[in-house]
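Chemist:
Below, the structure is given as structure tokens:
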């Protein structure tokens, strides 16, 4: 790790420690006062431990990690100083960090249930989209005539936002979970399908010709040749599909759900509980980052052969 990176990370740590001292030593603005600042202090400690561990375990990404660490530290300090202590903006709409992170201490059971509910719906719809779109896309890409018929249809249907289907999904399907799963499936299906099709198109023709010389059956050709070679493009489509799935799920939950992360934000927005609204937004951000990190790990493992070429 270079000295400049250590220096930057050290500055970030000092800023967070200064934020903790500010929180403890300086009284909150009367409109921002809370019974306990322990939740916010705990978050500061966890941030220091988390980024310290990242810097130690992933030295190759130390510069980016230090940059992110510094940005978060500055944001936390300004948030606490300008809103928590000075209350420069309307405290009703812009709560300080101590009020926001206190919500996690109070509502952790409800928030955890929302995370489980949202991830359950997301994973089912997303996995169904993967297991259907990948083989269909590979087959369409393999059959040029079929591509000529299917591509115009996909081009016309894929730009339609999945939430457009929500009224019919609610009416025709028995539960909101089933409706949301269907919407996520629709939103994730098309990016994965397109990624699979163009993954086949990007394969070196010499590889396919060599496989044809061996007279491989069509099923083995798709399984052993097309699928592995198209995986980089498939993962690109799957990433877009995952982002679309999160957006679709959150919007659907905000419209018609009785549980989940989107519902949590919408419910408390109706009662003008903006500390809980912001806490819900932070929770969604944390969940998205965690899921994206898991996706990146799976992608890196599945495409590890690229690093050997």
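In this note's numbering, the protein residues as written are 8 to 316. Virtual Cβ for every residue (Gly too), placed ideally from N, Cα, C.
Let me confirm a value: residue 27 is counted as buried when at least 16 other C-beta atoms fall within 10 Å, else exposed. Which label applies?
Modeler: Locating residue 27 in the chain shown gives position 20, where the first residue counts as 1. With 16 or more other Cβ atoms within 10 Å, it is buried.
Chemist: Go through the region 195 to 239 residue by residue and report every complete run of the alpha helix (DSSP H) that reaches 4 residues or more, in order.
Modeler: Entirely contained in the region 195 to 239, the alpha helix (DSSP H) runs reaching 4 residues are, in chain order, 212 to 220.
Chemist: Would you kindly report the start and end of the unbroken alpha helix (DSSP H) that includes residue 113?
Modeler: Translated into the one-based positions of the chain shown, residue 113 becomes position 106. Counting along the chain, the alpha helix (DSSP H) containing residue 113 begins and ends at 104 to 149.
Chemist: Check each candidate in 294, 311 and 183 and name the one with the smallest Cα separation from residue 261.
Modeler: By 1-based counting over the chain shown, the position of residue 261 is 254. Nearest of 294, 311 and 183 to residue 261, Cα basis: 183.
Chemist: Between residue 151 and the rest of its own chain, which residues show a CB-CB distance below 8 Å, the 5 nearest in sequence each way excluded?
Modeler: Counting from 1 along the chain shown, the entry for residue 151 is found at position 144. Contacts found: none.
Chemist: If we count the other Cβ atoms within 10 Å of its Cβ and call it buried at 16 or more, is residue 44 buried or exposed?
Modeler: If you number the chain shown from 1, residue 44 lands on position 37. Buried.
Chemist: In terms of residues, what are the limits of the alpha helix (DSSP H) holding residue 2?
Modeler: The displayed coordinates of the chain run from 8 to 316. Any statement about residue 2 would go beyond what the structure contains.
Chemist: Measure the CB-CB distance between residue 166 and residue 190 and report whether it falls below 7 Å.
Modeler: Locating residue 166 in the chain shown gives position 159, counting from the first residue. Locating residue 190 in the chain shown gives position 183, counting from the first residue. Going by C-beta atoms, residue 166 is not nearer than 7 Å to residue 190.
Chemist: For my contact list, residue 90 and residue 101 are in at a C-beta cut-off of 8 Å; report their separation, rounded to the angstrom.
Modeler: Here the question's residue 90 lines up with position 83 in the chain shown. Here the question's residue 101 lines up with position 94 in the chain shown. About 6 Å; that satisfies the 8 Å criterion.
Chemist: Smallest Cα separation from residue 132: which of 187, 231 and 141?
Modeler: Position 125 of the chain shown, counted from the first residue, corresponds to residue 132. Out of 187, 231 and 141, 187 has the C-alpha closest to the C-alpha of residue 132.
Chemist: Counting only the same chain and skipping the five closest in sequence on each side, list residues whose C-beta sits under 6 Å from that of residue 94.
Modeler: Indexing the chain shown from 1 puts residue 94 at position 87. Hits under 6 Å: 36, 38 and 39.
Chemist: In terms of alpha-carbon separation, which member of 300, 299, 283 and 303 lies closest to residue 118?
Modeler: What you label residue 118 is simply residue 111 of the chain shown in a count that begins at 1. Among 300, 299, 283 and 303, the Cα nearest to that of residue 118 is on 283.
Chemist: Cα separation between residue 88 and residue 98?
Modeler: Taking the chain shown and counting its residues from 1, one reaches residue 88 at position 81. Taking the chain shown and counting its residues from 1, one reaches residue 98 at position 91. Cα to Cα, the separation comes out at about 13 Å.
Chemist: Can the beta-carbon of residue 194 be found closer than 7 Å to that of residue 255?
Modeler: Counting from 1 along the chain shown, the entry for residue 194 is found at position 187. Counting from 1 along the chain shown, the entry for residue 255 is found at position 248. For residue 194 and residue 255, yes; Cβs fall inside 7 Å.
Chemist: Just checking my contact of residue 270 with residue 121 at CB under 8 Å: how many whole Å lie between their CB atoms?
Modeler: The count along the chain shown starts at 1 and reaches residue 270 at position 263. The count along the chain shown starts at 1 and reaches residue 121 at position 114. At roughly 7 Å, the Cβ-Cβ gap stays under 8 Å, so residue 270 and residue 121 are in contact.
Chemist: Tell me which residue opens and which closes the alpha helix (DSSP H) that residue 300 is part of.
Modeler: The sequence position of residue 300 within the chain shown is 293, counting from 1. Taken as a continuous stretch (DSSP letters only), the alpha helix (DSSP H) holding residue 300 covers 281 to 309.
Chemist: So, do the region 62 to 75 and the region 246 to 253 have three or more beta carbon pairs nearer to each other than 8 Å?
Modeler: Verdict: no, contact absent.
Chemist: Go through its chain and collect everything with a Cβ distance to residue 204's Cβ below 6 Å, but skip five positions before and after it.
Modeler: Numbered from its first residue, the chain shown carries residue 204 at position 197. Answer for residue 204: 144, 147 and 148, listed in chain order.
Chemist: Confirm, please, whether the CB-CB distance from residue 52 to residue 111 is below 7 Å.
Modeler: Here residue 111 corresponds to residue number 104 of the chain shown, with the count starting at 1. Here residue 52 corresponds to residue number 45 of the chain shown, with the count starting at 1. Going by C-beta atoms, residue 111 is not nearer than 7 Å to residue 52.
Chemist: Using CA coordinates, which residue listed in 130, 229, 286 and 288 is at the minimum distance from residue 298?
Modeler: Position 291 of the chain shown holds residue 298. Answer by Cα proximity: 130.
Chemist: Do residue 76 and residue 58 come within 7 Å of each other at the CB atom, strictly closer than that value?
Modeler: Your numbering for residue 58 matches position 51 in the chain shown. Your numbering for residue 76 matches position 69 in the chain shown. Cβ distance < 7 Å, so residue 58 and residue 76 count as in contact.
Chemist: Quick one: measure Cβ to Cβ for residue 206 and residue 241, integer angstroms, because I've assumed they're closer than 8 Å.
Modeler: Mapped onto the chain shown, residue 206 falls at position 199. Mapped onto the chain shown, residue 241 falls at position 234. Yes, residue 206 and residue 241 are in contact; Cβ-Cβ is about 5 Å, under 8 Å.
Chemist: Cα separation between residue 252 and residue 192?
Modeler: Stepping through the chain shown from its first residue, residue 252 is reached at position 245. Stepping through the chain shown from its first residue, residue 192 is reached at position 185. In a straight line, the C-alpha of residue 252 is about 8 Å away from that of residue 192.
Chemist: Can you tell me whether residue 41 is helix, strand or coil according to DSSP?
Modeler: By one-based count along the chain shown, residue 41 stands at place 34. Coil, per DSSP.
Chemist: Alpha carbon to alpha carbon, how far is residue 55 from residue 304? Give it in angstroms, no decimals.
Modeler: Position 297 of the chain shown, counted from the first residue, corresponds to residue 304. Position 48 of the chain shown, counted from the first residue, corresponds to residue 55. Cα to Cα, the separation comes out at about 23 Å.
Chemist: Would you mind stating whether residue 41 and residue 136 have Cβ atoms separated by less than 7 Å?
Modeler: Mapped onto the chain shown, residue 41 falls at position 34. Mapped onto the chain shown, residue 136 falls at position 129. Cβ atoms of residue 41 and residue 136: not closer than 7 Å.
Chemist: I need the DSSP call for residue 170, collapsed to helix, strand or coil.
Modeler: Along the chain shown, read from residue 1 onward, the residue named residue 170 stands at position 163. Residue 170: helix per DSSP, three-state reduction.
Chemist: Distance, Cα to Cα, residue 9 vs residue 263?
Modeler: What you label residue 9 is simply residue 2 of the chain shown in a count that begins at 1. What you label residue 263 is simply residue 256 of the chain shown in a count that begins at 1. In this prediction, residue 9 scores a pLDDT of 49, lower than 50, which makes its location untrustworthy; the coordinate-derived value is nonetheless stated afterwards. The straight-line gap from Cα to Cα measures roughly 51 Å.
Chemist: State the DSSP-derived secondary structure class of residue 17, mapped to helix, strand or coil.
Modeler: As a first step, residue 17 must be located in the chain shown, where it is residue number 10. Note: residue 17 maps to helix in three-state DSSP.
Chemist: Taking the beta carbon of residue 179 as the centre, do at least 16 other beta carbons fall within 10 Å, making it buried, or is it exposed?
Modeler: One-based indexing of the chain shown puts residue 179 at position 172. Result: exposed.
Chemist: Where does the unbroken alpha helix (DSSP H) through residue 273 begin, and where does it stop?
Modeler: Sequence index remark: in the chain shown, residue 273 carries index 266 (1-based). From DSSP, the alpha helix (DSSP H) with residue 273 extends over 268 to 277.
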